[in-house]
Amino acid sequence: MPRVRVGPADEIQPGQPAFVTHGEIEIAVFRVDDGFRAYRNRCPHQQGPVCTGPVSGTLVATAETDWRLAWVLEGRVLICPWHSMEFDLDSGRRLRAQSERLRAFPVDVNNGEVFVQIGPRDSSAPRRPSV
Amino acid sequence: MTRDSRKPLGLDDVFIVDCDVHANEPPEALAPYIDMPWRRSLELLGRGPQRYLDIPGYAPILNLDPPFPDRGLGNRTVTTARQMRDDLDELSIDVGILFPDNLLKIAVFPHVDYAAALGRAYNAWLADAWVSRETGLYGAVLAVPQDPKDAADQIRTYGADDRFVAVYLPVAGLRPLWGDRMYDPIYEAAEEMGLPVMLHSVGIIHPHFPFNLEHVESRIVRHPINHEFALMANLFTMLTSGVPVRYPDLEIVFTEGGVSWVPFCMWRMDKEYAEIPTGAPFLERPPSDYIKEMYFCTQPIEEPERSRDLLTMIDLFDGRDKVIFASDWPHHDFDHPRTVLNMPFDAELKRNIMGESARRLFKLPVPVPVA
C-alpha cells in the first residue's frame, strides 16, 4: 500500500487543507481538532472538486435545540463548491444523507510529517447510486 | 479506429449540445448597443454596485435573504465567448445555446420602450461578440414580451442569421402568461423563421404569479415554484389558447424544469379537457397529444434513488426523442454532462438526449466524426 508524504503537520491549518496527488487521485488532508483526515477530492454527487470548498458550519433545528434554529459544527462542515453539498469533515459522511460519504484514506504523522496511505476502495462504503 | 461497443459511452464518444448556458451581460457591455436615453442609463448602472444577478433597474430580484455563510461560491459568471468556449471544452460540450444572465428578468420591466431597447441591445451584442458556428456558440433571440411586435421584428432579423437557432421567451415575472393572444406576433414570426421557442425562468420575487413569494421563508420552496410551477402555468395557457394548434410547425421547448412534471401536466390537463372541453376550444386532440410533441431540457435532472425510474418517467410522455440535455452552466445548480450520460439509458437514447435530438431540433451542422 503506497504511503505518500503530504508535508509538515504544522503547515496544515484548520480550514486550509494540503493537497497531494497520487496517480489520477487527488487527496486533501484536513486538520480536524487534534488530528487529520484525508479525503479524495471528488464529490460523490457529480464528482465536483469537493475539497476545494469552504469549511464552515450548518443550520439545524432538532428536538435537542427545542426546534429552534441553531448553527452547529462550525469548522467541521466541508461544502462542495459545485452544489453546496455538506460533508462532516470528521467522518466524511454527507450530512443528512449518511449513506453517502467521501472516499477516506488513513493518515499518520511521523516526526512532524504527515503521510497518507493510498489503498483500495473500501467496498463497504456505499456510494451515491444514481451517477 | 472504432469504439468498443461493449464499453459504456464516455463524454468524448457523444456529440453534446448544451441547450442552456448563460452569457453574463453587465449593463456597461450593452450600453454601446442601446439607444438614448437608455445608453446613459446603462452607463450609470455600470458604475453602480454590481451584485450577482441583482441590479436594480437592470436585473431586479427583490432579494430578501441575508447572505448565508460560505454558500456563495456558486455565483459564477461567464463574460466572454472565449471563456465560454474554454469552459464548455472542459465539460466536453460541443455546442452551447446561449441565454442571458441579468436579462432573465427582463419581463418585469413596466417601461415598454426600455424593455424593448434592452432586448434589441442584447441581441445585437450577442451577434457582435458571442455567436459563431466555428466555436459552436449559438444564440436564442430574446423576445421581449412587453412589445410583441418589436420582438417579432427581432426574430425576423436575427432568424435569418444561421448563428441564431431559437427564440428565448422570458418567464420570470411575466404577465400575462405566454398563452395570451397578445403574443401571437412572436409565435407567428418564430414559426415563419423555423425557430423553436424556448421558455426559461429564473428565481425572483415579484408581484406576478407564481413569483409572489415574498412571504415564503425558504429558498428551496421558492426555487421550484419559480421554475417548474411557472413552466406548468405557461404550458397550460399555451394549450388552452391553442398555440400548438394555431402554429403547427412551431417547436416548443421548456428549460430548467427537469422532466418529472410532464406526465402530471398531461394527465391533469386530459382530465380537465374531458370534463370541460369548452375550456380549450382550439384543441383538436387531448392536451397530452400536444405535450408529447414538445421538448424538455434535462436540467436540473432528477436524481431519484432508483435512477432507472427516470427512464420510466421519460417513457410516460414518449419522450425518448424529446428530452434534450442542458447544463445551465455556470449557474449554481448546473448539471455536469456526465451526470446525464451515466444514467441507465441505452446508447441510442444517450446519444439522442446528449445531442442528436437537439441537433435535429436546431438544425445544427452534422459534426465531423471523431477519428
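Line by line, the protein sequences give chains F and D. In this text, residue positions in the first sequence follow the working numbering: the first is -7, and each later residue adds one. In this text, residue positions in the second sequence follow the working numbering: the first is 166, and each later residue adds one. C-beta: ideal position from N, C-alpha, C; glycine also.
Run down chain F in chain order and give the residues with a C-beta less than 9 Å from the C-beta of residue i.
i	result
Asp498(D)	His75
Arg143(D)	Any answer about residue 143(D) is impossible in this case: the structure gives chain D only from 166 up to 536.
Would you give the residue range spanned by the alpha helix (DSSP H) that residue i belongs to?
i	result
Leu176(D)	No alpha helix (DSSP H) holds Leu176(D); DSSP gives it neither H nor E.
Cys430(D)	Val427 to Glu440
Pro192(D)	Pro192 to Leu195
Val386(D)	Arg384 to Pro389
Thr405(D)	Ala395 to Thr405
Leu253(D)	Ala246 to Glu255
Leu218(D)	Per DSSP, Leu218(D) belongs to no alpha helix (DSSP H) and is neither H nor E.
Met363(D)	Looking at the DSSP string, Met363(D) is not in any alpha helix (DSSP H); the run it does join, the beta strand (DSSP E), is Val362 to His365.
Arg525(D)	Ser522 to Leu526
What whole-angstrom Cβ distance do residue i and residue j have, given they're in contact under 8 Å?
i	j	result
His388(D)	Glu421(D)	Incorrect: roughly 10 Å between the Cβ atoms, too far for contact.
Asp266(D)	Glu193(D)	About 14 Å separates the two Cβ atoms, so there is no contact after all.
Gly304(D)	Arg321(D)	That pair is no contact at about 15 Å.
Gly67(F)	Pro9(F)	Between Pro9(F) and Gly67(F) the Cβ distance is about 13 Å, and since that is not below 8 Å, they are no contact.
Met347(D)	Pro313(D)	6 Å
Val(-2)(F)	Phe107(F)	6 Å
Lys515(D)	Leu291(D)	Rounded, the Cβ-Cβ distance is 30 Å, inconsistent with contact.
Ala196(D)	Trp295(D)	Contact flag wrong, Cβ pair sits at about 16 Å.
Val69(F)	Asp80(F)	7 Å
Ile258(D)	Asp177(D)	Going by Cβ atoms, the distance from Ile258(D) to Asp177(D) rounds to 11 Å, so no, they are not a contact pair.
Ala308(D)	Tyr287(D)	Contact flag wrong, Cβ pair sits at about 11 Å.
Ser453(D)	Met434(D)	7 Å
Leu476(D)	Phe419(D)	Leu476(D) to Phe419(D), Cβ: 19 Å. No contact.
Glu521(D)	Phe180(D)	7 Å
If you follow the beta strand (DSSP E) that residue i is part of, which residue opens it and which one closes it?
i	result
Asp183(D)	Val182 to Ala188
Thr13(F)	Ala10 to His14
Trp63(F)	Ala62 to Ile71
Ala53(F)	Looking at the DSSP string, Ala53(F) is not in any beta strand (DSSP E), and its letter there is neither H nor E.
Pro341(D)	That residue, Pro341(D), is in no beta strand (DSSP E); it is neither H nor E in DSSP.
Pro265(D)	Val260 to Pro265
Leu105(F)	Per the sequence presented here, residue 105(F) reads as Glu, with Leu not at that position. Here the beta strand (DSSP E) through Glu105(F) covers Glu105 to Gln109.
Ser91(F)	Ala89 to Arg93
Met(-7)(F)	Met(-7)(F) -> no beta strand (DSSP E), and no H or E assigned at all.
Val309(D)	That residue, Val309(D), is in no beta strand (DSSP E); it is neither H nor E in DSSP.
Ala20(F)	Ile17 to Val24
Residues of chain D with CB under 9 Å from residue i, in chain order?
i	result
Gln39(F)	His501, Arg503 and Thr504
Check each candidate in the options and name the one with the smallest Cα separation from residue i.
i	options	result
Asp230(D)	Glu379(D), Met358(D), Ile271(D) and Ala337(D)	Glu379(D)
Arg340(D)	Pro214(D), Thr402(D) and Ser492(D)	Thr402(D)
Ile369(D)	Ala354(D), Pro350(D), Ala395(D) and Gly344(D)	Ala395(D)
Gly359(D)	Gly520(D), Ile390(D), Leu529(D) and Cys430(D)	Leu529(D)
Val381(D)	Asn228(D), Glu208(D), Asp259(D) and Asp177(D)	Asn228(D)
Pro409(D)	Pro428(D), Pro451(D) and Ala439(D)	Pro451(D)
Tyr460(D)	Ile417(D), Phe482(D), Ala439(D) and Trp426(D)	Ile417(D)
Thr300(D)	Tyr279(D), Met249(D) and Asp278(D)	Met249(D)
Ala62(F)	Cys72(F), Ala55(F) and Leu51(F)	Leu51(F)
Glu78(F)	Arg216(D), Asp235(D), His276(D) and Glu356(D)	Asp235(D)
Glu3(F)	Ala30(F), Ser48(F) and Glu105(F)	Glu105(F)
Phe233(D)	Arg29(F), Asp58(F) and Ser48(F)	Ser48(F)
Tyr438(D)	Tyr455(D), Ser425(D), Leu364(D) and Pro375(D)	Tyr455(D)
Glu92(F)	Glu470(D), Arg525(D), Trp494(D) and Ala512(D)	Glu470(D)
Asn517(D)	Ser257(D), Gly484(D) and His496(D)	Gly484(D)
Pro350(D)	Ile181(D), Tyr198(D), Tyr279(D) and Pro310(D)	Pro310(D)
Pro46(F)	Thr54(F), Asn33(F) and Glu56(F)	Asn33(F)
Arg411(D)	Lys457(D), Val260(D), Ala355(D) and Cys430(D)	Ala355(D)
His496(D)	Pro428(D), Phe180(D) and Ser366(D)	Ser366(D)
Ile390(D)	Gly423(D), Pro413(D) and Val531(D)	Gly423(D)
Asp318(D)	Glu353(D), Leu302(D) and Ser297(D)	Glu353(D)
Leu263(D)	His276(D), Val186(D) and Asp293(D)	Val186(D)
Ile110(F)	Phe22(F), Gly27(F) and Tyr31(F)	Tyr31(F)
State whether the segment 203 to 222 of chain D contacts the segment 95 to 104 of chain F, with contact taken as three or more CB pairs (one from each stretch) at a distance under 8 Å. no
Stretch pair the segment 228 to 246 of chain D + the segment 272 to 286 of chain D: three plus CB contacts closer than 8 Å: no
Three or more C-beta pairs under 8 Å: does that hold for the segment 434 to 452 of chain D against the segment 378 to 387 of chain D? no
Quick check: the segment 504 to 519 of chain D against the segment 80 to 90 of chain F, are at least 3 beta-carbon pairs closer than 8 Å? no
Kindly confirm or deny that the segment 331 to 349 of chain D and the segment 258 to 273 of chain D touch, where touching means at least three C-beta pairs closer than 8 Å. yes
Would you say the segment 485 to 503 of chain D touches the segment 29 to 42 of chain F, given that touching needs at least three Cβ pairs under 8 Å? yes
Three or more C-beta pairs under 8 Å: does that hold for the segment 479 to 490 of chain D against the segment 457 to 468 of chain D? yes
For the structure I just gave you, are there three or more beta carbon pairs, one from the segment 403 to 414 of chain D and one from the segment 340 to 349 of chain D, closer than 8 Å? yes
Quick check: the segment 198 to 215 of chain D against the segment 13 to 33 of chain F, are there 3 or more CB pairs under 8 Å? no
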